[in-house]
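To start, the structure itself, in structure tokens.
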Amino acid sequence: EDAVYFLAFVKSARSVEDPAPHVIFFGSRGEKEKMSKKAMCYHVIDVLKKKFGDSFEIHKDPIILDCRDGSSEDIQVTKTVFAEIKEKCIAGASEVPSVCQKMRQDVLPVLRRERNEIQAGLFMAKDDLGKIVQESVSEVLIGELFDQLLSYLQEGGEIVDLSDEVILEVQWLCSNVMAPAMSDRYFPIHAVRNAKG
636 EDAVYFLAFV KSARSVEDPA PHVIFFGSRG EKEKMSKKAM CYHVIDVLKK KFGDSFEIHK
696 DPIILDCRDG SSEDIQVTKT VFAEIKEKCI AGASEVPSVC QKMRQDVLPV LRRERNEIQA
756 GLFMAKDDLG KIVQESVSEV LIGELFDQLL SYLQEGGEIV DLSDEVILEV QWLCSNVMAP
816 AMSDRYFPIH AVRNAKG
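Sequential numbering from 636 applies to the sequence shown in my numbering.
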């Protein structure tokens, strides 16, 4: 029921012109045995495909993750699925301006490397990024044009635009910010399970 409610909300909020969102079901190894968890997910996937039809691109297989093992088969499957979705999104997008290509190939890699070298977080104020872009590319990008550039980069999975701040690398946000915040230190699920026997 939760999945139906959530997808119904997403469907009501998106424009009919937008491409169909991708949906992937993840499960935790700690919740149930792997095969029983997958069987439940397959049932949910079948129900949602019948209910929502072509409104979503629902991945055919659920993925059961053990986040403590970064080299596990399921982690590799997840990376492959995300890479395939990214390629589909890029292929279906309009032609990327040359300045966006320059940002991907030249500007962002340099910024990431420089901030890593000084052990700074991979984020910066949007105004500061705008000044660097102006110095790095020949085209004048201000106001709406700069916002459009950031939109291209965000849709391509390069950055996250947070209005006043810009995350320079999505992987950094997931690995260095979100993952530690969701660790056992703050969510001691294993302790609760052990207490329950």
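The beta carbon of each residue, even a glycine, is placed where N, CA and C say it ideally should be.
All of these numbers come straight from a predicted model, not from anything done at the bench.
CA-to-CA distance, residue j to residue i, given in whole angstroms
i           : j           : result
residue 738 : residue 768 : 8 angstroms
residue 791 : residue 802 : 13 angstroms
residue 810 : residue 652 : 33 angstroms
residue 710 : residue 648 : 31 angstroms
residue 686 : residue 678 : 13 angstroms
residue 741 : residue 688 : 41 angstroms
residue 754 : residue 718 : 27 angstroms
residue 814 : residue 650 : 31 angstroms
Buried versus exposed call for residue i [16 or more other C-beta atoms within 10 Å across all chains shown]
i           : result
residue 780 : exposed
residue 680 : buried
residue 745 : exposed
residue 788 : buried
Beta carbon of residue i nearer than 8 angstroms to that of residue j
i           : j           : result
residue 757 : residue 748 : no
residue 700 : residue 661 : yes
residue 805 : residue 795 : yes
residue 683 : residue 639 : yes
residue 698 : residue 713 : yes
residue 655 : residue 690 : yes
Neighbourhood of residue i by C-beta, 7 angstroms cutoff - its chain only, sequence neighbours within 5 removed
i           : result
residue 765 : 781
residue 760 : 799, 800
8 angstroms Cβ shell around residue i - same chain, five flanking residues per side excluded
i           : result
residue 832 : Because residue 832 sits at a pLDDT of 48, beneath the cut-off of 50, its placement in the model cannot be relied upon, and the following sentence gives the value as read from the coordinates. Here the set comprises nothing.
residue 784 : 732, 734, 735, 738, 768, 776
Bridge partner(s) assigned by DSSP for residue i
i           : result
residue 661 : 698
residue 693 : 658
6 angstroms CB neighbourhood of residue i in its chain, flanking five on each side removed
i           : result
residue 694 : 659
residue 696 : none
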